[in-house]
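Chains as they are written, first to last, in our numbering: chain U, 2 to 391; chain E, 928 to 1266.
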Ligand SMILES: Nc1ncnc2c1ncn2[C@@H]1O[C@H](COP(=O)(O)OP(=O)(O)OP(=O)(O)O)[C@@H](O)[C@H]1O
Ligand code: SF4
Ligand SMILES: [Mg+2]
């Protein structure tokens, strides 16, 4: 640069124009959206999350069942079953299925709608069998040996005639005869609410706290970050138990606990961002204009840290869901008959040996939701990272 | 002449570097006693090698750094020790143009918001008036008016620097500090930007503190030139005088490193030896003596002060007078001693 001749500094003739402006490049937002849409797992996750939210908040209104109504006669019904058909002398056909774990027969219609529990005759306690009469036909339920068998009068075994989905209780019922699907949707409502509220609280406290620590730096920063370390060493379980003394509701204490503890991650992330951004020239420029620290933080530093903040938020949601489920699972969460995914899981675990399918739905809900938020978080991180694809 | 617009007196900016716990923290003397007067309407060029403290001086003057000691008097008011809250007027009247046109523009703000920001902070006008003012400023720096809605990353380096300039002149300041405003730009764009700065100066009566390490350019734009070495100004003269009569060995070494357009100018080959010393450990006596071909014992003991060697030409060397005469073509006995 030192060998520019002085003629170079001569004035450009008046008519000469500056170099033309290039066509508008895609804005950062458009670029981020493009990269996010190109990420298949993230898109699938977004669709899943949207469907889940809609189902959780509107689904229960479409169902004839409630989360609290019990029907002990129809307890532990599976979501699908093998049906038997028996035709009596009058030509009447009765369809039913056998619950192999509680030795009950349930009448269903041809489509798979539940009609009710079939009443059998007296149980023979010694031979471990029970007769069922269908007009002039009598079947004997033999539970002396497992698996249970249905026997005709001549001693031959009845075979199922086919299988059917449960049309009345799509996901089956639990041990108190409540519809699992509706309880599942209510559980989603609670789990998602806890997650979003806790995440929102985290967002505000974490961004505020981390922003101040990062911007002030020095001793203020050191003290504030020591406090963060102290908070992050308190075991969350202990914290929830203590909070339950103050708030009666387990739900509220979980929200307060997650909200007041998990912000430390957000604070650390924001602080790191602010620390590295505040030496940027555009911050110096704002300072030379006399911008207040609040303005520098809100107009310059935080908007430029929005990428990591969003990613941290999406990553916080699955951990909040998991913590809530875990707390409910060990009995520190919502009070029955309210359901959350965690309490559904723990109820299902009680009947795990007889009805393993009951565990499937809450476990699948928790894992799929956590997967979805993690994939979305990863996708957002990649999409927001200006070093990728630029 | 009347009162200078900006007056620096014995200005120091020292950085305390981090060290192991309980070990004494080394002190880096980035600006180490600068005296400078800036007259209204003039352009003072400041040159020196990388790391000599030019940017630190600029950032201290504009109070991005707290001065360690010394005084900054702007338009008769001491601003060096004033708390940030009392700097309002100073913040409006002094603006800065940064070296890096990429880093100095917030990527999340539209160009219109960027240029309007100083107006907004100063509380000038309504949003509509500010938009109008921004359109005028964009026109003034030669950018199309639809630039306001765009973002800085859509522009080339030279155009971004124009945005930075528009932002700096938005409040019609008195003093603009330019910290290497063109060294990050293409050679072809540099001239355009410099010409624009000169036009703005003529129109708005700006005073420039113009920092650069490009000696061929600084001569073109500056009325006076200060040469900085290790945190101190070692020579200060009108630009013609400095090029004609360089009177500090450091200035001469700098000038001999570039093609001098004036063949009469002295071209005594005075190569600099070695590297610039660390500002943590500045040599005793004359700070240039470790690299000076003329250094004597006196130089190690006594620090030369900036003294007038005639016609307002200041230099900080024990032999400045002789060097000046030599540059004028008078053979001084010094020449023999050097050989
Ligand atoms: N914030 C800081 N903390 C510690 N040391 C610093 C700081 N800023 C600058 N320095 C040191 O001060 C010295 C002068 O730096 P400065 O940036 O002012 O040099 P310069 O003349 O502008 O160089 P260049 O031409 O490369 O821009 C350097 O040694 C640098 O390492
Ligand atoms: S005072 Fe001595 S060492 Fe310093 S510049 Fe002059 S001759 Fe060189
Ligand atoms: Mg610099």
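Where is the CB? At the ideal position from N, CA and C, for every residue including glycine.
Look at residue 1086 of chain E: its beta carbon is at least 7 Å from all of the heavy atoms in ligand 3.
Here the alpha carbon of residue 127 of chain U sits roughly 26 Å from the alpha carbon of residue 108 of chain U.
Contact between the region 210 to 227 of chain U and the region 160 to 172 of chain U is absent: fewer than 3 CB-CB pairs across the two stretches fall below 8 Å.
The C-alpha of residue 254 of chain U is placed about 47 Å away from the C-alpha of residue 1038 of chain E.
For residue 1113 of chain E, the secondary structure class from DSSP, reduced to helix, strand or coil, is coil.
Under the 10 Å beta carbon count, residue 1025 of chain E is surrounded by 16 or more other beta carbons and is classified as buried. Between the alpha carbons of residue 1229 of chain E and residue 1245 of chain E lies a distance of about 9 Å. Secondary structure within the region 930 to 1012 of chain E: the beta strand (DSSP E) runs of 3 or more consecutive residues, fully enclosed, are 933 to 943, 954 to 965, 970 to 974, 996 to 1001 (chain order). With a minimum length of 4 residues, there is no unbroken run of alpha helix (DSSP H) contained wholly in the region 195 to 233 of chain U. In this structure the region 968 to 976 of chain E does not touch the region 1000 to 1010 of chain E; the number of beta carbon pairs closer than 8 Å is below three. DSSP places residue 1105 of chain E within a strand segment (E or B) once states are collapsed to three.
Under the Cβ criterion of 8 Å, residue 1155 of chain E is not counted among the residues facing chain U.
Here residue 1232 of chain E carries a coil assignment [DSSP, helix/strand/coil].
Shown in chain order are the members of the region 1040 to 1065 of chain E whose Cβ falls below 7 Å from a Cβ of chain U: 1044, 1045, 1048. Distances between the C-beta of residue 1026 of chain E and the heavy atoms of ligand 3 include at least one below 7 Å. Between residue 935 of chain E and residue 962 of chain E, the CB-CB gap stays under 8 Å. Under the criterion of beta carbons closer than 8 Å, residue 215 of chain U and residue 275 of chain U qualify as touching, at roughly 3 Å. Pairing residue 199 of chain U with residue 60 of chain U, the inter-Cα distance amounts to about 23 Å.
Annotation note: the region 1003 to 1063 of chain E contains the following uninterrupted beta strand (DSSP E) runs of length 3 or greater, listed N- to C-terminal: 1021 to 1024. Under the three-state reduction of DSSP, residue 1126 of chain E is assigned to helix. Judged by their CB atoms, residue 355 of chain U and residue 145 of chain U are not nearer to each other than the 8 Å cut-off.
Closest option to residue 307 of chain U, judged by alpha-carbon separation, among U:286, U:323, U:270: U:270. In the three-state reduction of the DSSP assignment, residue 138 of chain U falls in the strand class. At least one heavy atom of ligand 1 lies less than 7 Å from the C-beta of residue 957 of chain E. Annotated as proximal: residue 1166 of chain E and residue 1149 of chain E, with beta-carbon spacing under 8 Å. Taking residue 141 of chain U as the centre and dropping the five residues before and after it, the same chain places the C-beta of 130, 132, 152 closer than 6 Å to its C-beta, in chain order. Using beta-carbon distances, residue 217 of chain U does not count as an interface residue toward chain E, since no partner is under 8 Å. Judged by DSSP in its simplified three-state form, residue 1162 of chain E adopts strand.
Residue 320 of chain U and residue 371 of chain U have their C-alpha atoms some 8 Å from each other.
Under the 8 Å criterion on CB atoms, residue 1204 of chain E is classed as non-interfacial with respect to chain U.
Looking at the DSSP output, residue 1138 of chain E bridges to E:973, E:1106. Classified as buried, residue 1172 of chain E has 16 or more neighbouring CB atoms from the shown chains inside 10 Å of its CB. Sorting E:1242, E:1164, E:1036, E:1240 by C-alpha distance to the C-alpha of residue 305 of chain U places E:1036 at the top.
Counted as a single uninterrupted DSSP element, the stretch harbouring residue 62 of chain U is not any beta strand (DSSP E) but the alpha helix (DSSP H) occupying residues 41 to 63. Rounded to whole angstroms, the separation of the alpha carbons of residue 345 of chain U and residue 249 of chain U is 21 Å.
The Cβ atoms of residue 207 of chain U and residue 267 of chain U lie closer than 8 Å to each other.
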